[in-house]
Amino acid sequence: LQVLLQGLVGDGQQVVSALPWLDAAQRQQLLDFAAPRERFPMEGEAGLLHRRFEAQAARTPEAIAVEYEDQALSYAQLDARANQWAHRLRAAGVGPDRLVGLCVERGLELVVGVLAILKAGGAYVPLDPAYPRQRLAYLLEDAAPVLVLVQPGCRSALPDSAVPVLELEAQGCAGQPTHAPQVPGLAPGHLAYVIHTSGSTGQPKGVMVEHAQVARLFAATQAQFGFGPQETWTLFHSFAFDFSVWELWGALLHGGRLVVVPQLTTRSPMAFYRLLCERGVTVLNQTPTAFYALIAAQAGLEAQALPSHRLKWVVFGGEALSLRALQPWVARHGDQAPVLVNMYGITETTVHVTHRVLTGAEIAGEAASVVGRALPDLGIHVLDGRGEPVPVGVVGELHVGGAGVARGYLGRAQLTAERFIANPFADAAMPRLYRTGDLGRWRADGTLEYLGRNDDQVKIRGFRIELGEIEAQLRGLAGVADAAVVAREASEGDKRLVAYVVAQAPATLELAHLRSALAAQVAEHLVPAAFVVLDHLPLTANGKLDRDALPAP
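Under this note's numbering, the first residue of the sequence shown carries the number 1242, and numbering increases by one thereafter.
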């Protein structure tokens, strides 16, 4: 059929791939699915993150803003300390759209540093000291910040560079005013941060995100969540991963308490679950892979006398979610305490794009990653290779438009033009679309199913294979908690599929049965040549699957 569809039809002047998919009514339905529903204008101080924080600090000065281990700062203390450092940064030439590198360990100073840079009018560039020196050297060269704000203990992590360094140490801001500095001309359209994401070329690319794009994220999600000062959040993820933007500002813009999770605790699901219980965390944000490990850890801690968790929300993002992998959690806790929310998103569209509350019934019967509908001020088109909408149920590339679309890539005009394109559907609410490189499809009810990256496609023995398709089928098999599939080169030019699977506790996996069960679901060429059972899938510093760390079979 594929060969026939690539041939010519009729008089030989029109190929089948150029025929229209849709009639007028179907096309209009898809355009309606894609259209933004609301606008949240971010003008003046309402669109500046640090100004909104300052307003919150004025309302609840004595409330705890951030804590780390046995240390804590109230909103008033955090505001005053950040103001002092902001004055130092202003004196060093920081202002609107000027980039400042931030190299700090997890702790109170991380939050102080971010706020100080924004209060000085600048935008922060995360330089995670856990990164290899070679990567930090590249980030410094690519961003060319006016200076780097660094903790003394992280100075040795920085490579040699001509960029000036300002040490973020206790006495460095002594004598500076505790009121906020004035930054003439600073507006919501100025940059708040530049976070580097991995690129297909192997070199990270810096995504430029403005204050207004972050501020409207919380306006667009408030109706779904109703966050307030009663919430306790964790800062679990690296501040070089944009999930941290949601964690940090979700707490500070609503008067909540932010618990910075120690690095070692992020690597121990059992220790992290203890922290959730002991600190009374109510809002937890996790990549699916990290949460699957937390499910197993909680099962192992049931005999211990821990306080009951107080979680109200678990928000998933960063990866495709296997709903069936959540079944053990729902069996213990139900689907309301906490509420489980799947949110697809990308750095270039400011953290989150969609919202979907998951029900126990859906989790019991679904294997796919259903990500729901776009946030009300965003729109999503599912397009084919010609840039045309595809019918309901057909896979296409996700294109996101609306108020969350970032300014573009730092210093990469050509790449920005390729990925941030003019909207061909003439929608004033989203003049630009971001080509995500992610695959998805519409369901009949106007919700989206996320299917993974289009660059997860490999070619083996002439067959085009979507790795995400095999992973989704594996996760749907009985006893499988999580799965990953990679193409490994067994010998030069000979690639083989290898599946890595994690069992649902307390199940054990019989590989022969697993192979036959998968073979009953997919074509023969999609059945991996080897299966490897792991206790858990390895994670990157951002909490995502680390494919490079998967062991050879």
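Every residue, glycine too, gets a C-beta built ideally from N, C-alpha and C.
Check the C-beta distance from residue i over to residue j and give it rounded, since I have them as a contact under 8 angstroms.
| i | j | result |
| --- | --- | --- |
| L1738 | V1726 | 6 angstroms |
| L1427 | V1450 | Between V1450 and L1427 the Cβ distance is about 16 angstroms, and since that is not below 8 angstroms, they are no contact. |
| V1502 | F1532 | Wrong, their Cβ atoms sit about 14 angstroms apart, outside the cutoff. |
| L1368 | I1358 | Between I1358 and L1368 the Cβ distance is about 12 angstroms, and since that is not below 8 angstroms, they are no contact. |
| I1436 | D1483 | 5 angstroms |
| L1351 | L1314 | Going by Cβ atoms, the distance from L1351 to L1314 rounds to 12 angstroms, so no, they are not a contact pair. |
| E1560 | P1529 | 5 angstroms |
| A1644 | R1457 | 5 angstroms |
| R1673 | F1661 | 5 angstroms |
Could you check if residue i is buried or exposed, using at least 16 other CB atoms within 10 Å of its CB as the buried criterion?
| i | result |
| --- | --- |
| L1752 | exposed |
| H1766 | exposed |
| G1784 | buried |
| S1397 | exposed |
| G1491 | buried |
| Q1527 | buried |
| Q1577 | exposed |
| L1505 | exposed |
| S1610 | buried |
| G1541 | exposed |
| H1420 | exposed |
| H1754 | exposed |
| Q1297 | buried |
| R1331 | buried |
| V1635 | exposed |
| G1497 | buried |
| D1320 | buried |
| P1405 | exposed |
| E1472 | buried |
| S1485 | buried |
| G1288 | buried |
| T1749 | exposed |
Per DSSP, residue i is paired with what?
| i | result |
| --- | --- |
| S1315 | I1305 |
| E1519 | Per DSSP, none; premise fails for E1519. |
| I1436 | V1448 |
| R1676 | H1640 |
| K1736 | E1730 |
| W1474 | L1499 and V1524 |
| G1342 | V1366 and V1389 |
| H1622 | H1640 |
| R1682 | E1690 |
| Y1650 | V1448 |
| G1613 | L1689 |
| F1772 | A1740 |
| N1583 | F1557 and R1597 |
| V1406 | V1389 |
| F1661 | Y1675 |
| D1401 | According to DSSP, D1401 bridges with nothing at all. |
Determine the contact status of residue i and residue j, defining contact as a CB-CB distance below 9 angstroms.
| i | j | result |
| --- | --- | --- |
| V1522 | L1552 | yes |
| G1637 | L1680 | yes |
| A1796 | A1771 | Because the chain here runs from 1242 to 1794, residue 1796 falls outside it and cannot be looked at. |
| H1622 | W1487 | no |
| L1409 | V1387 | no |
| V1307 | V1500 | yes |
| V1355 | C1395 | no |
| G1613 | V1598 | yes |
| Y1585 | Y1514 | no |
| G1430 | V1366 | no |
| V1670 | G1642 | According to the sequence shown, residue 1670 is Ala rather than Val. Taking 9 angstroms as the Cβ cut-off, A1670 and G1642 qualify as a contacting pair. |
| Q1454 | A1275 | no |
| task | Indicate whether the contact test is met: 3 or more Cβ pairs, each with one atom in the segment 1613-1624 and one in the segment 1456-1465, closer than 8 angstroms. | result | yes
| task | Evaluate the contact criterion for the segment 1372-1385 versus the segment 1285-1296: three or more CB pairs, one atom per stretch, below 8 angstroms. | result | no
| said: I'd like to know if the segment 1329-1348 and the segment 1358-1370 are in contact, where contact means that at least 3 CB-CB pairs between them fall below 8 angstroms. | reply: yes
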